[in-house]
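Asks:
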Amino acid sequence: MWILIFSFGIRAMAGADLLLMPSDNLAQIAGEKLGWKFPKAKLIEDILFTVIAAALLLIFSGDVFSVIGVGTILSAAVTGPMVGVFTKLLPFLDVSQPIK
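The sequence shown begins at 24 in the working numbering and counts up by one.
Spelled out as structure tokens, the structure:
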């Protein structure tokens with residue numbers, strides 16, 4: 024449930040051309056530069072950041088699953104696609120420029 028609310032919030036803020044969180048801005052800019060739609064860029068970014076965090080945890084603490092749990096993995100895998108679903112279902116959220 025919280026992933027849906029979080030995804031809707033990202034979609035609404037991006038559609039209203041409001042300031043996004045830095046990681047969401049990075050996904051938006053990377054998507055524009057690479058020709059990807061925002062949901063795909065967000066998915067790749069979230070998974071990449073989760074893998075990097077897991078690798079650093081493994082290197083420095085040896086215990087990945089004490090910090091990265093099912094919620095983190097679900098959030099990384101589902102947020103981008105859900106933003107895409109909200110983009111298709113709620114096009115009226117676009118105030119200025121539509122998310123591709």
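We put the beta carbon where it would ideally sit given N, CA and C, even for glycine.
For A50, which residues of its own chain have a beta-carbon under 6 angstroms away from its beta-carbon, when the five flanking residues on both sides are left out?
Replies: Excluding sequence neighbours, A50 sits near A64, K65, E68.
Asks: Comparing alpha-carbon positions, which option in P104, T102, M105, T73 lies nearest V90?
Replies: T73
Asks: Using a Cβ-Cβ cut-off of 6 angstroms (strictly less than) and excluding sequence neighbours within five positions of G107, which residues of its own chain qualify?
Replies: P62
Asks: Go through its chain and collect everything with a Cβ distance to F109's Cβ below 7 angstroms, but skip five positions before and after it.
Replies: S30, F31, R34
Asks: Using DSSP with H/G/I as helix, E/B as strand and the rest coil, what is D69?
Replies: helix
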